[in-house]
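In terms of UniProt numbering, the sequence shown opens at residue 1 and continues consecutively.
Even glycine gets a Cβ: it sits at the ideal position worked out from N, Cα and C.
Structure first, then comments.
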Amino acid sequence: MRDMSFQRARTDEQRNERRRQILAAAAAMLTEMPVAELTLTALSRRVCLAKANVLRYFESREAVLLALLEAEIADWIAELESTTFPGGGTVRERGDRLADLLATSLVRRPALCDLISAQSTVLEHNISAETALQHKRAVHGYLEALVRFAGTHLPELGDEDTAALMRTVMLVAVAAWPASRPPQAVLDAYAADPALAVMCVDFTDVVRRAVEVTASGLLARGR
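In structure tokens form, the structure reads like this:
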């Protein structure tokens, strides 16, 4: 593809705006296709740039998706922090409310879940050490924000156990998301043999239950 309209961004503001345009295009594409199908060629066509010019702003397709993952996590945290969360109740009741909030807010963000599930197996490949360092620092900061958020609702856990709880949430989401979206052949197998339906994974239920059980277990061990 020849990029006839490309004009190099020369100021930091112009470069940041070009990066935002690329990320916005990638985000829009993830409403239409899974991460695995989003290619650099398709993305460059969407933003009307040659691949070489997209690579002026991101070193690879994976770097684009990592930056998008960071933006999605930031938006999710902002949503959590703005949610009115009922106070009071027993520790278990507050833990169950937190579990429901985390599970239902995640399932409403399919792009975030898709990106998280591909993070270690796909997105963290084909990137430089510098990009990996920047990404891991960003994710560490987001984890700290999630720990602070959860800690305001379950202060009994303490910082260490709250961090363990949130790491568990993310690991469960990584596994449960693709498992909850099987290919058509597997869906057909479930339909053909109703006894196999017990193998179906409900993402929201799995994440909710994981938070409930993990929080209860950590609280019990801390007594």
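Rounded to whole angstroms, what's the CA-CA distance from E130 to A192? Just pull it up for me. 50 Å
Which residue wins for smallest C-alpha separation from E59, given the options I22, A103, E13, S117? I22
Got a sec? Which residues, its chain only, sit under 6 Å from M1 by beta carbon, not counting five neighbours each side? For M1, the predicted model reports a pLDDT of 42, less than 50, meaning its position is unreliable; a value from the coordinates is still stated below. Closer than 6 Å at the Cβ level, and outside the excluded window around M1, lie A50.
Let me know the alpha helix (DSSP H) ranges lying completely inside the UniProt domain "HTH tetR-type" (16-76), each 4 residues or longer, listed in chain order. 40-46, 51-54
Identify whether D202 lies in helix, strand or coil by the three-state DSSP scheme. coil
Taking 7 Å as the limit between beta carbons, can you name the residues of its chain near S117, skipping five residues before and five after? V174, W177, P178
To the nearest whole angstrom, what separates the beta carbons of E212 and G87, a pair I think is in contact under 8 Å? At roughly 19 Å, the Cβ-Cβ gap does not stay under 8 Å, so E212 and G87 are not in contact.
Using 10 angstroms around the beta-carbon of T152, count the other beta-carbons present and answer buried if the total reaches 16, otherwise exposed. exposed
Enumerate in chain order the residues of its own chain whose CB-to-CB distance from T83 is below 8 Å, with the five nearest sequence positions on each side excluded. L101, S105
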